[in-house]
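Here the structure comes first, spelled out in structure tokens, and everything after it is commentary.
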Amino acid sequence: SLFFTENVADQSGVTLHKYTLKDQKREEFLKGIQEAITSHDRKNLLYRSGPTWGIANATAATAKMGDGRLNTSEMKLWVDPKAEYKQIFREGWRYQRDFLYVSNVHGAPWNDVYKWYSPWVEHVRHRTDLNYVVDILGGEVAVGHSYTSGGDFPTLDNNNPAGLLGADFTIVNGFYRIKRILTGENWNPDLRAPLSSPGIDVKEGDYLLEINGIPLTADVDIYSLLEGTANRQIKIKVNATPDLATAKSVTVVPVANETQLRTRAWVEGNRRKVDELSKGQLAYVWIPNTGNGGYEYFNRYYFAQQDKKGAVIDERNNGGGSAADYIVDVLARKLQGYFNSRANDHKPFTTPMSGLWGPKVMIVNERAGSGGDLMPFLFRQAKVGPLVGTRTWGGLVGTWDTPPFIDGGRMVAPRGGFYDVDGKWAVEGEGIAPDIEVHQDPAKVTKGEDPQLEKSVQVALDLLKTQGVTLKPEPAAPIRYKRPQK
């Protein structure tokens, strides 16, 4: 018999099937599992479904969840930390030797490297120390993505996180005054904004005077009154003047994390700035990574601004993920023609159907890497437009299938290196240099300026003068009627 798994849409885990070679038939054996392995004699099958582990009879036609369930809560394992640390260190050394994308370990004298650092393990007294030593070991390879993380650490549950109100405050006359209220998408759990939710009557400029019955003044740390309030209703009192007696009471629900709210506010601020500086001519699209989130941002923002004459593509701080060839392919599209329409305003359809046909500029910086290195490389190769900013991180290697350590920790040995069409290793360790170098002057940034963004708008507007595309109006109706001549 042969076991194989099937991914089923909208189902947690996979379905395990059993195929009998003699009968040439398959049967559904077990549903909703994460992993399974047969015993050496092929008579038993160990499976996991979420936190549940069990042993099923592999010779049976089918099994059901819960068969042979193991009581893992009573399992105990005695570990000699010193011996385990030595084993993990050696595994890390072997991972770089055996899994790295090239066999020469980038020229490092790998046996000597082991001799250099293995004595350090004798002095390790905590799992954090071991990660430090293993990370230094990986550093000898001089490659991006050689991350070291995790391991057998104590579980620290934070079931009482502090709440955040999604706002910026300033101190005025000894009181907290709301300087800015972040807005989000209140139908989206990750973008719920406490002070701009429906029905919340709080305005920028109001004073926050009380939290849960405790008066708030400048000598009180506002966050000390928000401890343990995340995702719980609290009562605050606000007023247009610092007068607690006439303040109104408002019930709000703080969030545990403002990162997404602040990111969205930054993106929207950039979009508005580009729109203002370009007098409505340029689109702004930020691409946070080249994973699912990046593709979502790109599709959402790029295709929603097709009325613009050009675009500023911002890939600063891009966290990578996958190859962004789809994004660059879309950006590189050229206008090929039109189909007229007699409906409504007679506006023709372009072909390709969707796109921005004018100049495009991409902003890059030192915090964009991996897929964020590849995207500007492809952007330049496709001759889409100039790059503005600073050199990217320079970590263009692929990571997959490096096994975990015995205690769940990880050390990444990059499995795929990138080389160009000329057959030369490229980008890794070098990054992508911009065509126009612009640094973020801290003095200007703290004033709310963005030199890289502002320069990119200027470059795009200059290109509009020579590379702008004006959509052609529908020509006069053609005369195609013909009759044969007598």
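Per the numbering used here: the sequence shown = residues 537 to 1022.
Glycine included, every Cβ here is placed at the ideal spot set by N, Cα and C.
Keep in mind the model is a prediction, meaning the values are calculated, not measured.
| Query | Result |
| --- | --- |
| Where G908 falls: helix, strand or coil (DSSP) | helix |
| Span of the beta strand (DSSP E), counted from its first residue to its last, around E564 | 561-569 |
| Beta bridge counterpart(s) of A1038 as assigned by DSSP | Here the chain has residues from 537 to 1022 only, and residue 1038 is not among them. |
| Residue range of the beta strand (DSSP E) that includes A596 | Note, A596: premise wrong, no beta strand (DSSP E); not H, not E. |
| Spatial distance of P1014 from W929 (CA atoms) | 56 Å |
| For D742 and D704, the rounded distance between their alpha carbons | 12 Å |
| Nearest neighbour of D616, chosen from R661, S585, Y653, E627 [CA to CA] | R661 |
| Buried/exposed call for R1019, threshold 16 Cβ in 10 Å | exposed |
| CB-CB length for V810 against V774, believed under 8 Å | Contact doesn't hold; Cβ gap of about 33 Å is too wide. |
| Assigned exposure category for Y838 - 16 Cβ within 10 Å defines buried | buried |
| Beta-bridge partners of K960, as assigned by DSSP | Beta-bridge pairing links K960 to no other residue. |
| Inter-residue spacing [alpha-carbon to alpha-carbon] between A596 and N647 | 49 Å |
| C-alpha distance - Y955 paired with D986, whole-angstrom precision | 34 Å |
| C-beta contact flag for L566 and T574 at 8 Å | no |
| CA-to-CA distance, V933 to G945, given in whole angstroms | 21 Å |
| Counterpart residues of P751 in DSSP-defined beta bridges | E746 |
| Enclosing alpha helix (DSSP H) for N828 [first to last residue] | 828-838 |
| Contact belief for S548 with G568 at Cβ below 8 Å, rounded distance in angstroms | 6 Å |
| Limits of the unbroken beta strand (DSSP E) element including F635 | No beta strand (DSSP E) contains F635, which is instead part of the alpha helix (DSSP H) from 617-635. |
| Exposure of D843, with buried meaning 16 or more beta-carbon neighbours within 10 Å | exposed |
| Within 8 Å, strictly: CB atoms of P884 and F875 | yes |
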